[in-house]
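Written out below as structure tokens is the structure these notes cover.
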Amino acid sequence: MSREPKIIERIYEQFAPFYNLVYGKLLFQEGREAAIDFLDIKPKNKVLEVGVGTGLSLPIYPKDCQVVGVDLSHSMLKRAEALIAQKRLKNAKVAFMDATHLKYPDNSFDRVLGNLFISATTFPKESLLEMKRVCKPNGIIVLMNHFKSEHPVLGAAEEALNPLALSLGFKSNLEMEPLLASAGLKAKQVQKVNMFNLWTVVSMVNKK
Ligand SMILES: C[S@@+](CC[C@H](N)C(=O)[O-])C[C@H]1O[C@@H](n2cnc3c(N)ncnc32)[C@H](O)[C@@H]1O
-6 MSREPKIIER IYEQFAPFYN LVYGKLLFQE GREAAIDFLD IKPKNKVLEV GVGTGLSLPI
54 YPKDCQVVGV DLSHSMLKRA EALIAQKRLK NAKVAFMDAT HLKYPDNSFD RVLGNLFISA
114 TTFPKESLLE MKRVCKPNGI IVLMNHFKSE HPVLGAAEEA LNPLALSLGF KSNLEMEPLL
174 ASAGLKAKQV QKVNMFNLWT VVSMVNKK
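According to my numbering, the sequence shown holds residues -6 to 201 in order.
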């Protein structure tokens, strides 16, 4: 059974009409492109994108892979479906699904991605464990996200700003290394992206 969506998840249902204005190409497309580069997608690969939102990454995927994007917000997914139709993306589809209870058997995907997702859920560890479960052994998992800075002053500011960030639909104090370790994953490649390099793209090889 799915968990009850918490406040942070419910925000996106209301926010969907304005989402692309705030989280659109101008501020975040560099990170979305880097994340898809990090996935190192091969022809015919099956790719899962968790927390796909309005689908802004879907047009960037290579056309010879099959992508399914899942999300917990109907209004975000409605926009992703419109984008798929408008851009005639034959390799992409979306589905309503909770990242903490993915309806796929173990080892279903070659690649699994979460863009700006892992700090937008109340359950980052549970979601990452599910991403790992459905990813094949030696498959690649990538996250593009803002993580808490290791710099003491910046880190303290991000802690202080967390209540404000939560009201905008994300946590500003999620730590990367402890999160990866909690799911038994290790960073392989790491790159800073987006405005002021405040976001990170991290890839992990799924050693099962
Ligand atoms: C900041 S948006 C990112 C959307 C998209 N990946 C992008 O790059 O623009 C976070 C998304 O995660 C979704 N989300 C949050 N919790 C979720 C969960 N448990 N399962 C699936 N999607 C979830 C939200 O509905 C929202 O669409």
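We put the CB at the ideal spot given by N, CA and C, even for glycine. Small disclaimer: the values here were computed from a predicted structure and weren't measured.
Taking all protein chains shown into account, M188 has fewer than 16 neighbouring C-beta atoms within 10 Å of its C-beta and is therefore exposed. Within the segment 28 to 98, the complete beta strand (DSSP E) segments at least 3 residues long are 39 to 43, 59 to 64, 85 to 89, listed from N- to C-terminus. Here A73 is actually not in contact with G44; their C-beta atoms are around 11 Å apart, not less than 8 Å. Y54 has its Cβ no nearer than 7 Å to any heavy atom of ligand 1. In this structure, L49 and N13 form a Cβ contact; the two beta carbons are roughly 7 Å apart against a cut-off of 8 Å. By the criterion of at least three beta-carbon pairs nearer than 8 Å, the segment 23 to 31 is not in contact with the segment 81 to 100. Straight-line measurement puts the Cα of V105 at about 15 Å from the Cα of H94.
With fewer than 16 other Cβ atoms from the protein chains shown falling within 10 Å of its own Cβ, N131 counts as exposed. Using a cutoff of 7 Å, the CB of L161 does not count as near ligand 1, since none of the ligand's heavy atoms is closer than that. With fewer than 16 other Cβ atoms from the protein chains shown falling within 10 Å of its own Cβ, A153 counts as exposed. Shortest gap from the CB of Y5 to any heavy atom of ligand 1: under 7 Å. For L65, the CB falls within less than 7 Å of some heavy atom of ligand 1. Inclusion of F116 in the 7 Å shell around ligand 1 follows from its C-beta lying nearer than that to a non-hydrogen atom of the ligand.
Pairwise C-beta distances place the segment 6 to 20 in contact with the segment 58 to 70, as three or more of them are shorter than 8 Å.
Close CB contacts of L70 within its chain, under the 7 Å cut and outside five residues either way in sequence, are with D64, V87, F89 (chain order).
In the displayed model, N190 falls within a helix according to three-state DSSP. At a cut-off of 7 Å, the beta-carbon of M188 does not count as near ligand 1: no heavy atom of the ligand is closer than that. Burial is judged here by how many other beta carbons sit within 10 angstroms of a residue's own beta carbon; R25 has at least 16 and is buried. The closest heavy atom of ligand 1 lies 7 Å or more from the beta carbon of D103.
S196 is bridged by DSSP to V135, Q182. The three-state reading of DSSP puts N108 in strand, counting E and B together. Judged by DSSP secondary structure, N155 falls within the alpha helix (DSSP H) whose first and last residues are 145 to 160.
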